Amino acid sequence: MWLMLSRFYPPDQITFAYAVIESGITLSHTIAGPLAASILALDGLGGLQGWQWLFFLEGLPSVLLALAMWRLLPNSPAQVCLKLALTMLTLLAARRA
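Heads up: the sequence shown at position 74 corresponds to 73 in numbering that gives the first Met the number 0, and the numbers run straight through without jumps.
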């Protein structure tokens, strides 16, 4: 994670970015326990055990998000800059027309 952050943030801002990520992780741990307990209460619904519901309902969003991020996230800041430059040129051309 530090490697990816170091590609997108200068050294004086990387600690704040990392702190935001760590705060999100802490928040997710706070929510995960009660959420898992409520999903486990679905035991027997639809012929599935509670652990099967938990596996499916917590696993599916992770897989879908991973596939989306693999497709959407840039590999480097250079790709972001190139895309942004092309977008700006397109907007300028449209404004001139």
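C-beta: ideal position from N, C-alpha, C; glycine also.
Keep in mind that this is a model prediction, so the values were computed, not measured.
- Residue state for Pro-33 is assigned as helix, using DSSP reduced to three classes.
- DSSP places Ala-67 in the uninterrupted alpha helix (DSSP H) bounded by 49-71.
- Burial check for Leu-26: the Cβ neighbour count within 10 Å stays below 16, so the residue is exposed.
- Contact between the stretch 18-38 and the stretch 49-61 is present: three or more C-beta pairs spanning the two stretches fall below 8 Å.
- In summary, Trp-52 is buried, with 16 or more beta-carbon neighbours lying within 10 Å of its beta-carbon over all protein chains present.
- Nearest to Arg-6 by alpha-carbon distance, out of Leu-64, Gly-45, Pro-73 and Ile-30, is Pro-73.
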